[in-house]
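The sequence shown stops at residue 204 when you use the working numbering, and every number in between is there.
Backbone N, C-alpha and C fix where the C-beta goes; we use that ideal spot for every residue, glycine too.
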Amino acid sequence: MNYADIESLWQSPANQLPPEKLAHHQKRFLADLRKKHRGFLLFISSVIVTLTLITGRLVYVFLTRSSGENDLSLPNTWASFLLLTLTWIAPLVLILHYRRHRKKTAVDHPTLRDTVAALLSENRLSRFRLKLIASLHGLLLVLLPAVVWQLRSSGRAGDEIVFPAFVLWPAISACILLIMFWHYQKRLRPRQRQLESLLKNYE
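Here is the structure:
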């Protein structure tokens, strides 16, 4: 019997853990849930603040540099506005999913099984979050050439935008995606299997 089998047997209701052990597991799982809740709030708050600053800056640039033949219009700004819209939609979708998760897992007096189920739901949400962010990165890279071309052709940006757009940002994006992939495969997926195993033991 390997360690996983021993752990599975130990967690099983058939083993009849003493109350102090059950209380210990309950406390540890609840602390994990609170930690993940604080982490999400910090993450989504930083995203909203960053997007607000970027949106404000872009609106200022568009309005102050719009004159003559380069007036603000859909044909020469659609890519930028589409990119900005997508970056705002993503956090709103995450917030809606998180609210649904919190509502679904809200229990006045959660049992150990309820807490494990809530952790599994949070894990599922974290995996969805990474997939959504990865998809957004891909869409941004696809839109980037159109954004750069429109900014340069309208006179709102010059050659200084080429290096950040086509070298710096793709390199940063690739690093972010690699880190996300590692986190998904090495942290979230094993944690998912562990929680699913625990949940079966408590049924």
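- Pairwise C-beta distances place the region 152-160 out of contact with the region 93-104, as fewer than three of them are shorter than 8 Å.
- In the structure shown, A158 falls within a coil segment according to DSSP collapsed to helix, strand and coil.
- Taking a C-beta distance under 8 Å as the contact criterion, T78 and L137 do not qualify as a contact pair.
- In the DSSP assignment, T106 falls within the alpha helix (DSSP H) that extends over 79-106.
- The distance from the Cβ of A91 to that of I55 is about 13 Å, inconsistent with a contact at the 8 Å cut-off.
- Between V148 and L199, the C-beta spacing is not below 8 Å.
- Annotation for F182: the continuous alpha helix (DSSP H) segment containing it runs 170-184.
- In this structure, L189 places its C-beta atom within 8 Å of the C-beta atom of N124.
- In the structure shown, T112 adopts coil according to DSSP, grouped into three states.
- Rounded to the nearest angstrom, the Cβ distance from S122 to L142 is 31 Å, too far for a contact under 8 Å.
- One Cα belongs to T65, the other to V163, and the distance between them is close to 22 Å.
- Of the other Cβ atoms in all chains shown, fewer than 16 fall within 10 Å of the Cβ of A24; this residue is therefore exposed.
- Around the beta carbon of S47, a 10 Å sphere encloses fewer than 16 other beta carbons of the protein chains shown; the residue is thus reported as exposed.
- Of the other Cβ atoms in all chains shown, 16 or more fall within 10 Å of the Cβ of L120; this residue is therefore buried.
- The alpha-carbon separation between I45 and F129 amounts to approximately 15 Å.
- With 16 or more neighbouring CB atoms inside 10 Å of its own CB, F30 falls in the buried class.
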